[in-house]
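Chains as they are written, first to last, in the numbering used here: chain A, 7 to 172; chain B, 7 to 172.
See structure below.
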DNA sequence: CAAGATACGTCAGCCATGTTGACATTCCAA
DNA sequence: TTGGAATGTCAACATGGCTGACGTATCTTG
């Protein structure tokens, strides 16, 4: 992953000033990153928490409540509040596990898929524009730095459910 | 900025799968990004909002309340709650403007500087580790993509108080 | 089989941080 | 002198975190 080959080992990119810029870039970019889905959600009774739940259920259909808790890093009470509204509104469906009947496997309904689509279309549009403007090698660097910035556990979650998808 | 020179115009980096990975990378990385300062803050009576205020006052000493409102993108009521506790605890000082006496210019006190130091040391440490692991060209790409992901107004704020620092 | 552990749901309450709306003060500028 | 700008503040509310406590299936293990 790490492509440490500056040759002259110029570490100028590690100055406090550069780090500060990176920090602020994360702050402002994250705002942009969430702005479009937020705009969609604010008309409905949902928030960012619902977006996250829907996103990860879509990514890993049939995932359990416990898995989702691990990925999202919130308490079950907090997640439950969100899931309950998604059940009630018919966006998410919970099926009792076949092997372990204690588990609830979560799936998006058609209605859930259409919300997910709307949200991720908006978010992907911005991401795509940024990628296109920056170009492939910048995107590569972007991903590399972000991965290095995650906690180890988060990095594992990040690899996703399917592995060999290249 | 944009270094679109793939030659063969291979747009494979714009697949939905790649965009999804970028989206999740932002999500997980942002968690890591805020984790260390959050740990420091949770012992005190402060939260992320205080961190942001202190950060930007430190970056632009003497900035006004109005400036801060623009940068942070929250309501004055929300910001005021935060600023009041920072005043009361002697971390931030407000001086009445000399030219325009309606304005309050904000400065960190010594105590404020020491909190800012603690928070930004923690955050910079993670950023530095990520930068170092990723290498200079990845960092370049990281910054390029993040800048492209911001809203235009945010991008202006991001340039910071000093201009010619390249 | 009995007992403990696990997965999940839920009630109740607290906290941080965002929001609107309304109103007061001070001061600049036309 | 008057309108608007910059700021502070009170009140009320929403979202989405949190802890603690408790209940209920269900699985697992002695």
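We treat Cβ as the ideally placed atom computed from N, Cα and C, and that holds for glycine.
As the structure is a prediction and not an experimental result, all values here were calculated from the model.
Exercise for the section: Please name the residues in the segment 18-36 of chain A whose beta-carbon is closer than 9 angstroms to at least one beta-carbon of chain B, in chain order. Expected result: 18, 19, 20, 22, 23, 24, 25, 26, 27, 28, 29, 30, 31, 32, 33, 34, 35, 36
Practice task
Have a look at residue 122 (chain A) and residue 19 (chain B) and give me their C-alpha separation to the nearest angstrom.
Solution key: Here the question's residue 122 (chain A) lines up with position 116 in the first chain. Here the question's residue 19 (chain B) lines up with position 13 in the second chain. Roughly 22 angstroms between the two C-alpha positions.
Exercise for the section: Please decide whether residue 42 (chain B) counts as near chain A, where near means a Cβ-Cβ distance under 8 angstroms. Expected result: Your numbering for residue 42 (chain B) matches position 36 in the second chain. For residue 42 (chain B), the closest Cβ of chain A is not nearer than 8 angstroms.
Exercise for the section: Please classify residue 137 (chain A): does DSSP put it in a helix, a strand, or coil? Expected result: Translated into positions along the first chain, residue 137 (chain A) becomes position 131. Here residue 137 (chain A) sits in helix by DSSP.
Exercise for the section: Verify the CB distance criterion: does residue 9 (chain A) have a CB-CB separation below 8 angstroms to chain B? Expected result: Sequence index remark: in the first chain, residue 9 (chain A) carries index 3 (1-based). Reliability fails at residue 9 (chain A), whose pLDDT of 46 lies under 50, so the model's placement of it is uncertain and no value is given.
Practice task
Check the Cβ-Cβ distances between residue 66 (chain A) and every residue of chain B, and say whether any is below 8 angstroms.
Solution key: Position 60 of the first chain holds residue 66 (chain A). Not closer than 8 angstroms to any Cβ of chain B, the Cβ of residue 66 (chain A) fails to qualify, so no.
Handout entry: Boundaries of the beta strand (DSSP E) in which residue 102 (chain B) is found, first to last residue
Key = Numbered from its first residue, the second chain carries residue 102 (chain B) at position 96. It spans 98-102 - the beta strand (DSSP E) in which residue 102 (chain B) sits, taken as one unbroken run.
Exercise for the section: Classify residue 21 (chain B) as helix, strand or coil using the three-state DSSP reduction. Expected result: As a working note, residue 21 (chain B) is residue 15 in the second chain. Three-state DSSP puts residue 21 (chain B) in coil, outside helix and strand.
Problem - Three-state class that DSSP yields for residue 87 (chain B) in the structure shown - result: To locate residue 87 (chain B), count along the second chain from 1; it is residue 81. In the three-state reduction of the DSSP assignment, residue 87 (chain B) falls in the helix class.
Handout entry: Partner residues on chain A for residue 2 (chain B), Cβ-Cβ distance less than 7 angstroms
Key = Residue 2 (chain B) is absent from the structure shown; chain B starts at 7 and stops at 172.
Problem - Rounded Cβ spacing between residue 63 (chain B) and residue 88 (chain B) (contact assumed at less than 8 angstroms) - result: For the purposes of this step, residue 63 (chain B) is taken as residue 57 along the second chain, with counting starting at 1. For the purposes of this step, residue 88 (chain B) is taken as residue 82 along the second chain, with counting starting at 1. Contact flag wrong, Cβ pair sits at about 11 angstroms.
Practice task
Take residue 67 (chain A) as the anchor and find which of A:42, A:84, A:103 has the nearest alpha-carbon.
Solution key: Residue mapping note: residue 67 (chain A) aligns to position 61 of the first chain, counting from 1. The candidate whose alpha carbon is nearest that of residue 67 (chain A) is A:103.
Exercise for the section: For residue 96 (chain A), decide whether its Cβ has a neighbour in chain B, counting only Cβ atoms nearer than 8 angstroms. Expected result: Counting from 1 along the first chain, the entry for residue 96 (chain A) is found at position 90. It does not; no Cβ of chain B falls within 8 angstroms.
Exercise for the section: Tell me, please, whether the CB atom of residue 69 (chain B) is closer than 8 angstroms to any CB atom in chain A? Expected result: If you number the second chain from 1, residue 69 (chain B) lands on position 63. No, residue 69 (chain B) does not count as interfacial toward chain A.
Exercise for the section: Measuring alpha carbon to alpha carbon, tell me which of A:139, A:130, A:163, A:159 ends up nearest residue 28 (chain B). Expected result: For the purposes of this step, residue 28 (chain B) is identified with residue 22 of the second chain, where counting begins at 1. Ranking the options by Cα distance to residue 28 (chain B), first place goes to A:130.
Problem - CB of residue 165 (chain B) within 8 angstroms of CB of residue 34 (chain A), strictly - result: Sequence index remark: in the second chain, residue 165 (chain B) carries index 159 (1-based). Sequence index remark: in the first chain, residue 34 (chain A) carries index 28 (1-based). It is not a contact, given that the beta carbons lie outside the stated cut-off.
Exercise for the section: Starting from the Cα of residue 116 (chain B), find the closest Cα among B:105, B:109, B:92 and give me that residue. Expected result: Along the second chain, read from residue 1 onward, the residue named residue 116 (chain B) stands at position 110. When each option's Cα is compared against that of residue 116 (chain B), the closest is B:92.
Exercise for the section: Would you please verify whether the beta carbon of residue 143 (chain A) is less than 8 angstroms from any beta carbon of chain B? Expected result: Walking along the first chain from the start, residue 143 (chain A) turns up at place 137. At least one chain B Cβ lies under 8 angstroms of residue 143 (chain A).
Practice task
May I ask you to list the residues that DSSP assigns as paired with residue 152 (chain A)?
Solution key: What you label residue 152 (chain A) is simply residue 146 of the first chain in a count that begins at 1. For residue 152 (chain A), which the question treats as bridged, DSSP gives no partner whatsoever.
Practice task
Look up residue 111 (chain B) in the DSSP assignment and give the residues it is bridged to.
Solution key: For this step, residue 111 (chain B) is matched to residue 105 along the second chain. Under DSSP, the beta-bridge partners assigned to residue 111 (chain B) are B:70, B:101.
Practice task
Within the same chain, show all residues whose beta-carbon is closer than 7 angstroms to that of residue 53 (chain A), passing over the 5 residues directly before and after it, in chain order.
Solution key: The sequence position of residue 53 (chain A) within the first chain is 47, counting from 1. Answer for residue 53 (chain A): 47, listed in chain order.
Exercise for the section: Would you mind reading off the limits of the alpha helix (DSSP H) that contains residue 48 (chain B)? Expected result: The residue given as residue 48 (chain B) occupies position 42 in the second chain. Looking at the DSSP string, residue 48 (chain B) is not in any alpha helix (DSSP H), and its letter there is neither H nor E.
Exercise for the section: Note down the Cα distance separating residue 148 (chain B) from residue 136 (chain A), rounded to an integer number of angstroms. Expected result: If you number the second chain from 1, residue 148 (chain B) lands on position 142. If you number the first chain from 1, residue 136 (chain A) lands on position 130. Distance between the alpha carbons of residue 148 (chain B) and residue 136 (chain A) is about 11 angstroms.
Problem - residue 23 (chain B) versus residue 17 (chain A): straight-line alpha-carbon distance, rounded - result: Here residue 23 (chain B) corresponds to residue number 17 of the second chain, with the count starting at 1. Here residue 17 (chain A) corresponds to residue number 11 of the first chain, with the count starting at 1. Each residue's Cα considered, the two are about 34 angstroms apart.
Exercise for the section: With DSSP collapsed to three states, give me the class of residue 81 (chain A). Expected result: Your numbering for residue 81 (chain A) matches position 75 in the first chain. Reduced to three states, the DSSP call for residue 81 (chain A) is coil.
Problem - Minimum Cβ-Cβ distance from residue 150 (chain B) to chain A less than 8 angstroms - result: Start at 1 with the first residue of the second chain, and residue 150 (chain B) comes out as number 144. Cβ-Cβ to chain A under 8 angstroms: yes for residue 150 (chain B).
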